[in-house]
Amino acid sequence: MDLSIKIRNKILPNPVGVASGTFGYGEEYAPLTDLSALGAIYTKAVTVEPRPGNPLPRLVETTAGMINSIGLANVGTKRFLSEKIPFLNTLSCPVILNVAGSLEEDYAEVIRRVDDQEAIWGYEVNISCPNVKKGGLAFGTDPHQVERLTSSLRQLTEKPLIMKLTPNVTDITAIAKAAEQGGADALACINTVMGMSVDIHKKKPSIPAVTGGLSGPAIKPVGIAAVYRVSKAVSIPVIGLGGIMNGDDAVEYLLSGASAIQIGTANFVDPDTSSKVLAGIKAYMEGSGFSKISDFHGYF
Ligand SMILES: Cc1cc2nc3c(=O)[nH]c(=O)nc-3n(C[C@H](O)[C@H](O)[C@H](O)COP(=O)(O)O)c2cc1C
Numbered sequence: 634m635d636l637s638i639k640i641r642n643k644i645l646p647n648p649v650g651v652a653s654g655t656f657g658y659g660e661e662y663a664p665l666t667d668l669s670a671l672g673a674i675y676t677k678a679v680t681v682e683p684r685p686g687n688p689l690p691r692l693v694e695t696t697a698g699m700i701n702s703i704g705l706a707n708v709g710t711k712r713f714l715s716e717k718i719p720f721l722n723t724l725s726c727p728v729i730l731n732v733a734g735s736l737e738e739d740y741a742e743v744i745r746r747v748d749d750q751e752a753i754w755g756y757e758v759n760i761s762c763p764n765v766k767k768g769g770l771a772f773g774t775d776p777h778q779v780e781r782l783t784s785s786l787r788q789l790t791e792k793p794l795i796m797k798l799t800p801n802v803t804d805i806t807a808i809a810k811a812a813e814q815g816g817a818d819a820l821a822c823i824n825t826v827m828g829m830s831v832d833i834h835k836k837k838p839s840i841p842a843v844t845g846g847l848s849g850p851a852i853k854p855v856g857i858a859a860v861y862r863v864s865k866a867v868s869i870p871v872i873g874l875g876g877i878m879n880g881d882d883a884v885e886y887l888l889s890g891a892s893a894i895q896i897g898t899a900n901f902v903d904p905d906t907s908s909k910v911l912a913g914i915k916a917y918m919e920g921s922g923f924s925k926i927s928d929f930h931g932y933f
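Per the numbering used here, residue 634 is the first one in the sequence shown, and the count goes up by one each step.
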């Protein structure tokens with residue numbers, strides 16, 4: 634069975650990665666799951682400067698999911714290099730740095746500062762965060778800006794460049810095509826869906842940021858539809874995520890056009906979800922007579 638996926642000039646050993654913001658920088662999960670078995674670790678977003686993020690509370694549970702408004706809290710590039718890279722250097726699985734910023738130049742600066750680090754396999758560019766006032770979603774909803782940002786980052790690195798798309802747009806395929814046009818090697822679909830919940834006893838929104846990003850099983854059909862539509866619109870690999878809790882969920886994404894998948898919110902329920910999802914995919918492949926991941930791609 635061949636579980637590998639090629640992105641640009643590099644190989645992911647298997648299709649099951651762990652999603653940005655739900656797995657820290659890997660070290661936090663080392664006692665809880667076998668990191669060497671992961672297809673990829675997508676790190677928490679890194680910005681040029683450290684960010685404290687939004688006021689607490691930043692998470693609230695909802696029916697079949699949760700809403701977060703973390704606001705890209707992170708250690709910044711300098712501390713990422715001094716505190717996080719030494720551990721990431723010890724890992725055998727691919728580490729994909731999730732990059733965020735407010736201005737085009739911020740994204741570029743992160744990549745310039747870290748690109749010579751061997752521990753970094755490639756980049757996932759977060760143009761889809763709904764929880765920051767500037768940047769993030771502002772880039773990800775405008776095809777022209779997406780193409781411009783992608784092509785300017787493309788000049789800076791030979792490593793795989795994955796653009797992570799938001800579902801909070803009218804036509805996600807227009808954004809996907811713009812990223813492909815700009816030189817992206819793959820697309821990740823989807824980031825969280827804009828959501829809101831109200832505490833009826835306090836008679837106010839559940840989180841101070843009022844709205845946030847909905848994740849978990851509630852958004853799985855949104856993610857699958859996005860992957861299906863995007864994979865028909867572009868010819869680069871699509872990495873699917875949103876609400877994957879088990880092997881069957883992952884197979885739904887793969888059959889719908891994903892070449893790989895990521896586990897997000899499920900890591901909070903069971904930190905070892907990824908190994909169970911991989912086992913589920915293998916069992917399904919055996920049962921269906923599939924011998925490689927590309928047998929799934931574009932199945933219908
Ligand atoms: C607490 C939390 C923090 C997140 N932080 C990031 C982030 O820093 N960068 C990013 O691109 N996506 C971030 N995301 C989005 C996830 O990577 C993923 O796209 C989304 O949660 C949908 O997948 P899921 O339903 O499996 O969680 C975050 C999600 C959660 C729940």
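We treat Cβ as the ideally placed atom computed from N, Cα and C, and that holds for glycine. All values reported here derive from a predicted model rather than from experimental measurement.
Length of the line joining the Cα atoms of residue i and residue j
| i | j | result |
| --- | --- | --- |
| Leu645 | Lys915 | 16 Å |
| Leu689 | Ile823 | 25 Å |
| Ala673 | Glu661 | 15 Å |
| Leu711 | Glu682 | Correcting the residue identity first, residue 711 is Lys in this sequence and not Leu. So the two alpha carbons sit approximately 8 Å from each other. |
| Asp903 | Leu730 | 23 Å |
| Tyr756 | Ala771 | 19 Å |
| Ala817 | Ala809 | 9 Å |
| Glu742 | Arg684 | 16 Å |
| Met796 | Ser784 | 11 Å |
| Pro841 | Thr655 | 21 Å |
| Gly897 | Ser908 | 13 Å |
| Asn759 | Ala733 | 5 Å |
| Met918 | Glu737 | 42 Å |
| Val649 | Gln895 | 6 Å |
Pick from the options that is closest to residue i, judged by C-alpha positions
| i | options | result |
| --- | --- | --- |
| Thr695 | Ala912, Thr906 and Gly845 | Gly845 |
| Pro719 | Val747, Ala706 and Ser735 | Val747 |
| Ala590 | Ser921, Thr676 and Ala706 | Limits of the chain in this structure are 634 at one end and 933 at the other, which puts residue 590 out of reach. |
| Asp882 | Pro870, Gly659, Val867 and Thr906 | Thr906 |
| Leu887 | Lys853, Phe901, Asn900 and Ala899 | Lys853 |
| Gly815 | Gly828, Leu789 and Met827 | Leu789 |
| Arg787 | Ala812, Lys837, Met878 and Thr799 | Ala812 |
| Thr799 | Asn687, Leu847 and Glu885 | Leu847 |
Any non-hydrogen atom of ligand 1 closer than 7 Å to residue i Cβ
| i | result |
| --- | --- |
| Thr655 | yes |
| Ile729 | no |
| Ser864 | no |
| Thr806 | no |
| Thr803 | no |
| Ser889 | no |
| Ser784 | no |
| Ala812 | no |
| Thr898 | yes |
| Val652 | Residue identity differs from the one stated: residue 652 is Ala in this sequence, not Val. It does: the Cβ of Ala652 is within 7 Å (strictly closer) of some heavy atom of ligand 1. |
| Ser946 | Outside the shown range of the chain, which is 634 to 933, sits residue 946, and nothing can be said about it. |
| Ala912 | no |
| Lys717 | no |
Whole beta strand (DSSP E) elements within the stretch 634-688, 3-residue minimum: 638-640, 643-645, 649-651 and 673-675
In chain order, each beta strand (DSSP E) run of at least 3 residues that lies wholly inside the stretch 853-895: 871-873
Continuous beta strand (DSSP E) assignments of at least 3 residues falling wholly in the stretch 784-855: 794-798, 819-822, 826-829 and 844-848
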